[in-house]
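Visitor: Provided herewith is a single structure, encoded as structure tokens, for subsequent inquiry.
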Amino acid sequence: MNSKFAKKYRYLAYLLITPSIIIVTTFLIYPSVQSLYLSFFRSTPFGNRQMYVGFQNFHRLLTSPAYWNSLTRSLVFTAITVFISIASALVLAVVTNKKIRGAKIYKSLLIWPFAFSFAFSGIIWGVLMHPNVGLMSYYLKVLTTIDFNWINNGTAAFILIIIASSWRMLGYNFIFFIAALQNVSPTLLEAADIDGASPFTKFWRITFPLISPITFFLLIMNTLQVFFLTFGVVDVLTQGGPARATDIVTYKLFRDAFLSMRTGYASAQSIILFVFVAIITIIQFKYAGEKVFYQ
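In terms of UniProt numbering, the sequence shown opens at residue 1 and continues consecutively.
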């Protein structure tokens, strides 16, 4: 009966997955293949002539101090942003998961940042921290005498894009952590209370191991999203400045491809970036994945 059913609706199954195959091929596979092809060529600024240069674009890229500086900056930015966004979301999820007054309101407010794009997040924090009219920068200066002028100060600009990106990822991480915490069996926590375990011991020995699969998933997803999707924050706030202090690899790729019109050089950057992030992901699966506790 099952084999007859499968034969009868086999073509229907192919038909249903055809739109997905077309979309993936058009917007993912074809651009990837085209980018690999272009990485072996050098194009004129107007794109009317291409010259085959082999691996010259890759050689120029890998021997460029500017590229390595940008890559190092991106790694630091990604590591700090991922840590802040995951750690803060976990702490807030643990706090709001308890029976406190207004917990539902707090949960709703903490989810909101996920509804905004990275670019809009950058605009919000750019206004709040504007050195002349920003409300938060004003009180920061009044209360601490810190002049947070991210327009002229590279370190301040770098801190600002970390804050904006972490805030945007907060809602995403918070949703998953709340769902994971609500699935932790109360019986285990009650047994720990009987044994006299402290709140920290209960969290570290019981709760955290049980939510480790979600934490591992968020580690992978945050790394990918921060590495690739935070372009919008940099674009609306700093455009890579001041003095290239926020020139992360995705923005450098954009600048080389669409402002300098060096499509071959930019394509080589995209290939190397893909390989590099793939290696990071494999390492995370290899080492961080071993620490995950599956029920």
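The beta-carbon is built from N, C-alpha and C at its ideal position, and this holds for glycine as well. All values derive from a computational prediction rather than experimental measurement.
#1: Can you round the beta-carbon distance between Leu160 and Leu237 to whole angstroms, since I take them to be within the 8 Å contact cut?
#2: What's the C-alpha gap between Ser70 and Asp195?
#3: Can Ser137 and His130 be called in contact, C-beta distance under 9 Å?
#4: Would you mind giving the Cβ-Cβ distance between Pro242 and Ala157, rounded to the nearest angstrom? I have them listed as a contact below 8 Å.
#5: Near Asn152, what residues of its chain come up, given a Cβ to Cβ distance below 7 Å and the 5 sequence neighbours on each side ignored?
#6: Hey, could you find the ends of the alpha helix (DSSP H) Arg168 is sitting in?
#7: Taking the CB atoms as reference points, tell me whether Ala180 and Ile214 lie closer together than 9 Å.
#8: Provide the residue(s) that pair with Ser43 in DSSP beta bridges, ordered along the chain.
#9: Quick one: using the 10 Å Cβ neighbour count with 16 as the cut-off for buried, is Gln225 buried or exposed?
#10: At which residues does the alpha helix (DSSP H) containing residue 303 begin and terminate?
#11: Quick test of your reading: Tyr251 and Val275, contact by CB under 8 Å. State the CB separation rounded to the nearest angstrom.
#12: Around the Cβ of Gly264, are there at least 16 other Cβ atoms within 10 angstroms (buried) or fewer (exposed)?
#13: Start and end of the alpha helix (DSSP H) containing Arg10?
Guide: A quick look at the data gives this:
#1: Here residue 160 refers to the residue found at position 160 when the sequence shown is read from its first residue. Here residue 237 refers to the residue found at position 237 when the sequence shown is read from its first residue. At roughly 7 Å, the Cβ-Cβ gap stays under 8 Å, so Leu160 and Leu237 are in contact.
#2: For this step, residue 70 is matched to residue 70 along the sequence shown. For this step, residue 195 is matched to residue 195 along the sequence shown. Approximately 52 Å, taken between the alpha carbons.
#3: In the sequence shown, residue 137 corresponds to position 137, counting from 1. In the sequence shown, residue 130 corresponds to position 130, counting from 1. Closer than 9 Å, so yes.
#4: Locating residue 242 in the sequence shown gives position 242, where the first residue counts as 1. Locating residue 157 in the sequence shown gives position 157, where the first residue counts as 1. Their Cβ separation, rounded to whole angstroms, is 6 Å, which keeps Pro242 and Ala157 in contact under 8 Å.
#5: By one-based count along the sequence shown, residue 152 stands at place 152. Closer than 7 Å at Cβ, skipping near neighbours: Pro242.
#6: Stepping through the sequence shown from its first residue, residue 168 is reached at position 168. Note, Arg168: alpha helix (DSSP H), Gly154 to Gln182.
#7: Locating residue 180 in the sequence shown gives position 180, where the first residue counts as 1. Locating residue 214 in the sequence shown gives position 214, where the first residue counts as 1. Their beta carbons are under 9 Å apart, which means Ala180 touches Ile214 by this criterion.
#8: Here residue 43 corresponds to residue number 43 of the sequence shown, with the count starting at 1. According to DSSP, Ser43 shares a beta bridge with Gln50.
#9: Against the sequence shown, residue 225 aligns to sequence position 225. Counting the other CB atoms within 10 Å of its CB gives Gln225 a total of 16 or more, which places it among the buried residues.
#10: Shown here, the chain extends from 1 to 295; a query on residue 303 therefore has no answer.
#11: Against the sequence shown, residue 251 aligns to sequence position 251. Against the sequence shown, residue 275 aligns to sequence position 275. Taking 8 Å as the upper bound for CB-CB distance, Tyr251 and Val275 are not in contact here, some 19 Å apart.
#12: Indexing the sequence shown from 1 puts residue 264 at position 264. With 16 or more other Cβ atoms from the protein chains shown falling within 10 Å of its own Cβ, Gly264 counts as buried.
#13: As a position in the sequence shown, residue 10 is number 10, starting the count at 1. Arg10 to Val24 is the extent of the alpha helix (DSSP H) around Arg10.
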